[in-house]
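In full-length UniProt numbering, the protein residues as written are 1 to 192. Glycine is no exception: its CB is placed at the ideal position from the N, C-alpha and C atoms.
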């Protein structure tokens, strides 16, 4: 594993068109995205429903196509967490569209096992969670970044602190407050 400063420098150089830097950083990025995708796959859906490679490829495309100027490793992994969130939400929306009787998208035979499938309950919960996160983002963007790291990228407290460049105590405190607030929002929705 490359040291944090070296990763940041390679990201910046690759972003500026340095092909040599891109060739050095790509395996590191791919490996990290694969690690995150595997954790998401097992955490949310078990072994039989998600294809890790499909998640990694979709996340990588979202990240690269975001046309973001990378300013740090933390910035990159923040975008990666957001990409994972979008992938899961898109899968949930597709599942709900099918549930409501909308036509499923046409998928050629070679691609079918690359598609993401969610249970009905999981897709509803993810969509509601996204509504809650949109509300939270209006109050505190850092808390949303913590949720994206901890929940969608399945990072540890320590990994989240390193990515966001804050102390582990700050992440722990914010994570506890955010979980409590999100729980209250979920309960309000259930009683409504």
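Straight-line CA distance for residue i to residue j?
i           : j           : result
residue 90  : residue 63  : 15 Å
residue 24  : residue 70  : 16 Å
residue 145 : residue 9   : 22 Å
residue 6   : residue 189 : 45 Å
residue 129 : residue 172 : 20 Å
residue 18  : residue 124 : 43 Å
residue 30  : residue 183 : 33 Å
residue 181 : residue 75  : 25 Å
residue 26  : residue 41  : 22 Å
Can you tell me which of the three DSSP states residue i falls into?
i           : result
residue 66  : coil
residue 182 : helix
residue 59  : helix
residue 153 : coil
residue 76  : helix
residue 81  : helix
residue 165 : coil
residue 130 : helix
residue 71  : coil
residue 5   : helix
residue 124 : helix
Smallest Cα separation from residue i: which of the options?
i           : options            : result
residue 97  : 74, 127, 28        : 127
residue 149 : 27, 95, 161        : 161
residue 34  : 21, 6, 81, 171     : 81
residue 185 : 157, 131, 167      : 131
residue 39  : 152, 141, 86       : 152
residue 59  : 187, 135, 86       : 86
residue 164 : 141, 20, 182, 180  : 141
residue 179 : 166, 159, 133, 167 : 133
residue 36  : 15, 182, 54        : 54
residue 52  : 74, 68, 84, 21     : 84
residue 57  : 158, 166, 32       : 32
residue 193 : 88, 41, 68         : Residue coverage of the chain in this structure runs from 1 to 192, which leaves residue 193 outside it and unanswerable.
Can you say whether residue i is buried or exposed, counting buried as having 16 or more other CB atoms within 10 angstroms of its CB?
i           : result
residue 154 : buried
residue 95  : buried
residue 138 : exposed
residue 143 : buried
residue 77  : buried
residue 169 : exposed
residue 174 : buried
residue 47  : Reliability fails at residue 47, whose pLDDT of 43 lies under 50, so the model's placement of it is uncertain and the value that follows must be treated cautiously. Residue 47 should be labelled exposed.
residue 177 : exposed
residue 61  : exposed
residue 92  : buried
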